[in-house]
Amino acid sequence: MASFNTSPMTKRTSIGSFIWYMITSAWDKMVLWFISKMFAWALVVTLSIPHRYRMSHNNGIAAKGKVRIVDHPAFPPHDFFQPGRTFPARVRHASATFLDDAMNCIRSLSVKFSEHHMESPFDMEMNTGPINLFWSARSFLQFAKLRKQKWGVEYHDYYRIYPQGLEGAKVSLRRNPTSFHNLRYHSLTPYLFIGKDGIKRYAKYRAMPFDKEPETGITTDLSDWDTCNQRVFPNETRSRNYLKDEYKQRIEKEGAKYMMQIQTRIAADDDSPEIFNNQIPWDEKIFPWQDLAVIEIEEVLSWKDTLMTSFSLNNMPKSLGFIPAKSIYDYNSLNYMRSHSEVARKARIFSYKLFGYPPEIPYDDNRNVSEWSGKE
Amino acid sequence: MSNTNDQTPKTVCAECLKKTNIGYDDEGRFFMPYFKSINHVEVGYSKIISNPITIVFEWILAKFYQLKDGLISLGKWLFPRRSKIYGKLIDSWLVGKIIFEANEAEEIPIHHLPLEFWGRTKLGQWRKLSQGHSKPDGTFRLPFELRCARRFGISSLRFEVSQISHIYYSETEATTVLTIFHKIKIAKSDLIGMEYNLRTIPLCFWEYRQDVKMARVVITEHGKDAPQQYTKARIEAINEQMIPVELTKVKHLEQIKLDPDSITLAEIQADYPENLTMCIEKKLPGYTRGDDWFGERMMNGMNRGLFLPDKEEQGVYWMKYFGKQNYDSNEEYAFPDSLMKFRLKPDGLPTPVMIKLRGPLNAINRDPWQEREFTPADGELWQQAKRVARVNGGLCTEVDEHFAGTHANLEQYAIAAYRNLRLSPLATLLFPHLKEVVLINHTADGILLHQYLPSATAYTYDGIVARVADIMGVMDWKSWTTMTPLSEAHNYAKAEQLFWDITTRYVDYFIERYLDDIRKYWHEVYCFSEDLVNHSVPVFLSDIDFSHLEPREKARYEDMKEYLTAQFCFDYNLPRQHRDGQLKVVSPLTLTSALLPENEREEIANLKKACSYMIFVATFLHTWANEHQNEDIGEVLYNCLGLRYGDKESGVLSPEDDLSIAPDLTRSTQMMWFSNLLSRTEYGFITRNEERDINPYFGELLLSKKEQFAALDVIVENIESRTNI
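Line by line, the protein sequences are chains A and B. Residues in the first sequence are numbered consecutively from 1, following the numbering used here. Residues in the second sequence are numbered consecutively from 1001, following the numbering used here.
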């Protein structure tokens, strides 16, 4: 292991180096702000308005019900998460990037503690897999740049040069799960948690089926070089909407019930930046998962309502919001970028008014696609 | 033949030895022709600069290169590459795997390669961001701080793979000097934190050639892709020493081209420096053609022959040189088997009593099994038979003992060493003695094996390669021992034993001193051993089906086996490794990647023996073969490596003045050129230690035995430290 030079900040700091530090910090934050804004406007210009697309999770189904905070929470007391408190809820399941449920995709569950399609006191977006495919704003931009999708094959170059991205993909992709309902979803990135005691903490969230039904769709020993191949199997009989159809039938028959959980840890001044790294899950033995809320879903929403349903990290109490980021390399910069994408959300909703709603995904043989063809 | 003047043969020989001894003039001169590189020597016209106008332009070019070198030195001074590593917060890594490029079914990792990650600022300053080594499985994970690599001031980034290029001793501690072998530029924008995968990096790093049976390294273009380079001093040495000889050859070739009748072989011979035999002949006419000289040179000359005791007759010894019979050859040159019977004289030197030649001796009777015996009673025929045997001996010594026994033999060890030894102290022990052998062998391929020998001897290129492979098939470090002196006059054997003792003492000292580190990096020794064994040739005759041979062939092979086994101290009974369906000749040093306690004693002993063997072959053995060339093949009519059949019935059994069987004019001047090239252009001696890469202790041990060596006519200061000519 090489020996490394100590930075000036660990020695007695001179005025000069302090001023330099302030300047560079301000510069980093400015760059982060600028890139986040530019990215959001790029989404507006390239996706939201002309195509009426979300950035990635266009293939989804929304439903409504209620969410109730558990009666005897084991997590630190918080004004928002009062025991037994009930909220109306909307959830939306989606398959990332492709308009085909039978492809090997990352699946998502987004929860809104509200029945409104936009306004809400608390939103949470979660994906399958305990680790992510990217870990900062910078890495996300690289991820977007190296997508190079063609007929269901994507991120080939990205996986070749970023091993953690590849690992994230391997553990997050779900091929042909039997239902959205039995998957495990993770927020991955940590958030603030300042409870009633005023102690600053960090929190992560996850959701799972209430009855802890085994998870399906996990592929073991996914090939290093073939992870980028997300195409449907040859002679696939499942339709492009099979998961959404299953979910509809499930809700109609018995509803869907989830347990949402929370993992907290106390913030310390000497915390390593790696605790914010979504590539490194927190040790469950030291920071155990606690039950947070039960989500009960009773009714599937229409395609239009599904399109209208949107989520935002700005829909959170300040004491539960995202952690400030310092630069585009900061692990907390992902949430920062997400929080600055309001304009893209609103632009998409506005584009529905201008150009109408995108059609439902058809039951046809146009497989392995991530865009509407326009012939629907 | 008896001498006709008052001086004794011994005093005359000593005088001539002193007179013809090759020394080194350190004074370089400008406005003299010079070579650009050792690899520019040619059998025909070497790439020599002789035209004055060309020399002027070369002078300008030389000044330009000096200026360039000066600017590079200035650059190094202004922009030094310091060892300090920049970065505190490790949040990123360069990862990947380094393998050999060869098209093998399995990837072969390159372990322990020195790796560095550098950034260069916009103002040209170097910033080291990380360093490390590849692991035994070839993978690496270099940690660095992302922000340091992505600073605005950094203009470029690169990942460097280095190799050991030089060993440098100060007192008794060795320092390794690294040179960059391969670099990969990395775009700043590609670094985003966490791991950045450079994937599998295949390197053409000391790759084995696939077109020959023995272990040879891939070099397609000497100046560009050779795995190492000659030092500048080495090239300057050959410039200074070789130019007069080269000009002589060029003059002869031009004259032959213009009018071959205007020059004779005698004139060609006279134009070259006088060698030992010519000097002696001037003072003692006929002595060098006599039996005494014949026996003495077979024992203590370039041949350093093995005298195999006769099975039946006490006091009788055999020396055998096997000819071209089972090798690809041409129809122009004779190369029969020469079986010589000797007795020892009261002074301990051998004298020939019978010579049997087996094979064609003229162009008319091509029966490969015909035999003729000659004794001193045969008068002139005896002289001619001795000449044939001497010529055969010269060729066999050059191909078997010199090229196969030292050059090709050493190359297999050199490749295995450079491929595998890096962190182990064995690199500092062996590299100074193994360096440059692959380069000179590559040159030898071109000018000797492909050009001169096929045109001046019975061998074709394929024949030479097959012969070399066969000879290497009886060479194994494990069973090798020094020659037992036949008598007090057996100077060579005594000198060999003395040098071997010094070498083993030096190696013992070194290995005991660094045993802990050697143990720690035993994986390198294991990989070295595996490469050595896997790429060694099959044991001689192990791949021949004897059941299909006729009895005479079988008997001859048995005879070859018996003699070569004794000559090269090979033990057929030692257990050996089978690899890829072949019984490999070289014994492994170890079969485990870690040094196990129960094996330590034996394997450390193996290591000592193998290292001693390598150093011995590279130094003493090669020096002997090389240094005495000019003495024994520096006179064309005396010994010329190949006698033509001619067109008479007498064939090769003709007097020396029958020039129809001697080499023609071109080959004569080429042969003299070779003899002088190989003997006069040495550089890199143990005691002189010109490049300070030899452990001073080795030199001290050698100098402590200076007098003892001198008594055996060995000048210790002339013993080379490596095989580079």
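Ideal Cβ positions, reconstructed from N, Cα and C, are used throughout, including at glycine.
Since A/Q290 is in the beta strand (DSSP E), which residue starts that stretch and which ends it?
Counting along the chain, the beta strand (DSSP E) containing A/Q290 begins and ends at Q290 to V300.
What in chain B is Cβ-close to A/R138, meaning under 8 Å?
In chain order: I1192 and G1193.
How many angstroms separate the CA atom of B/E1682 from the CA atom of B/E1627?
Going from the Cα of B/E1682 to the Cα of B/E1627 covers about 9 Å.
Please return the same chain residues whose Cβ sits closer than 8 Å to the Cβ of B/S1329, not counting the five positions on each side in sequence.
Hits under 8 Å: F1335, A1458, Y1459, T1460 and G1463.
Does A/Q149 have its Cβ less than 8 Å from a Cβ in chain B?
Judged by the 8 Å Cβ criterion, A/Q149 is not in contact with chain B.
Whole-angstrom Cβ separation of B/D1531 and B/A1416, contact assumed at under 8 Å?
Confirmed, about 4 Å.
Roughly how many angstroms separate the alpha carbons of B/I1192 and A/F143, rounded to a whole number?
One C-alpha to the other measures close to 10 Å.
Between A/V300 and the rest of its own chain, which residues show a CB-CB distance below 6 Å, the 5 nearest in sequence each way excluded?
So the list reads A63, K248 and I251, once near-sequence residues are dropped.
Can you tell me where the beta strand (DSSP E) with B/Q1229 in it begins and where it stops?
Note, B/Q1229: premise wrong, no beta strand (DSSP E); not H, not E.
Alpha carbon to alpha carbon, how far is A/L307 from A/F350? Give it in angstroms, no decimals.
C-alpha separation (whole angstroms): 12 Å.
How far does the beta strand (DSSP E) with A/Q263 in it reach, from first residue to last?
That run of the beta strand (DSSP E) goes A256 to I266.
Would you mind stating whether A/Y202 and A/F193 have Cβ atoms separated by less than 8 Å?
Their beta carbons are under 8 Å apart, which means A/Y202 touches A/F193 by this criterion.
With 16 as the cutoff for other CB atoms within 10 Å, does A/A74 come out buried or exposed?
Burial call: exposed.
If distances are taken between C-alpha atoms only, which option among B/I1471, B/N1441 and B/G1132 comes closest to B/V1586?
Comparing Cα positions, the closest option is B/I1471.
Quick check: what's the CA-CA separation for B/I1355 versus B/Y1321?
If you take the alpha carbons of B/I1355 and B/Y1321, they lie about 11 Å apart.
In terms of residues, what are the limits of the beta strand (DSSP E) holding B/A1605?
Premise fails: B/A1605 lies in the alpha helix (DSSP H), E1600 to F1616, not in any beta strand (DSSP E).
May I ask you to list, following chain order, the residues of the region 1070-1098 of chain B that have a beta carbon less than 8 Å from some beta carbon of chain A?
The residues in question are K1084, I1085, Y1086, G1087, K1088, L1089, I1090, D1091 and V1095.
Would you tell me roughly how many angstroms separate the C-alpha atoms of B/N1362 and B/T1264, rounded to the nearest one?
Approximately 24 Å between the Cα atoms of the pair.
Contact check, B/Y1514 vs B/L1701 under 8 Å by CB: the rounded distance?
Wrong, their Cβ atoms sit about 17 Å apart, outside the cutoff.
Can you tell me which of B/N1606, B/E1598, B/L1607 and B/V1537 puts its alpha carbon nearest to the alpha carbon of B/H1578?
Considering only alpha carbons, the answer is B/V1537.
Could one say the Cβ of B/R1556 lies closer than 8 Å to chain A's Cβ atoms, at least one of them?
With 8 Å as the cut-off, B/R1556 does not count as an interface residue toward chain A.
Shortest alpha-carbon distance to B/L1659 belongs to which of B/W1673, B/S1675 and B/G1642?
The candidate whose alpha carbon is nearest that of B/L1659 is B/G1642.
Between which residues of its own chain and A/D123 is the CB-CB distance below 6 Å, once the five residues before and five after are set aside?
Same-chain partners within the cutoff: K112, F311, S312 and N315.
Which class does A/M38 belong to by DSSP, given the choice of helix, strand or coil?
Three-state result, A/M38: helix.
Let me see if you follow: with CB-CB separation under 8 Å, is B/L1146 close to chain A or not?
With 8 Å as the cut-off, B/L1146 counts as an interface residue toward chain A.
Helix, strand or coil for B/F1335 per DSSP?
Looking at B/F1335 - three-state DSSP - the assignment turns out to be coil, as it is neither helix nor strand.
Would you say A/P317 faces chain B, with C-beta separation under 8 Å as the test?
No, its Cβ sits nowhere closer than 8 Å to a Cβ of chain B.
Taking Cβ positions only, does B/G1028 come closer than 8 Å to chain A?
Legend: pLDDT at B/G1028 = 40, less than 50; position of this residue unreliable, value from coordinates given subsequently. Chain A, which has no Cβ nearer than 8 Å to the Cβ of B/G1028, makes this no.
Alpha helix (DSSP H) containing B/E1173: first to last residue?
Segment E1173 to I1186 is the beta strand (DSSP E) holding B/E1173; no alpha helix (DSSP H) there.
Identify whether B/Y1287 lies in helix, strand or coil by the three-state DSSP scheme.
If DSSP states are grouped into helix, strand and coil, B/Y1287 belongs with the helices.
Would you check if the distance between the CB atom of B/F1294 and the CB atom of B/P1376 is smaller than 8 Å?
Going by C-beta atoms, B/F1294 is not nearer than 8 Å to B/P1376.
Just confirm the distance between the C-beta atoms of B/H1112 and B/L1423, as a whole number of angstroms; I'd bet it's less than 8 Å.
Contact holds; Cβ gap of about 5 Å.
Report all residues from its chain with a CB closer than 7 Å to the CB of A/E213; omit the five preceding and five following residues, and keep chain order.
Excluding sequence neighbours, A/E213 sits near N182.
Evaluate A/G60 with the Cβ neighbour count: other Cβ atoms within 10 Å of its Cβ, from every protein chain shown; 16 or more gives buried, anything less gives exposed.
The residue is buried, with at least 16 neighbouring Cβ atoms inside 10 Å.
Just curious, the beta strand (DSSP E) that A/D123 is in, first and last residue?
Unbroken beta strand (DSSP E) run through A/D123: D123 to T128.
Using three-state DSSP, classify A/R107 as helix, strand or coil.
Looking at A/R107 - three-state DSSP - the assignment turns out to be strand.
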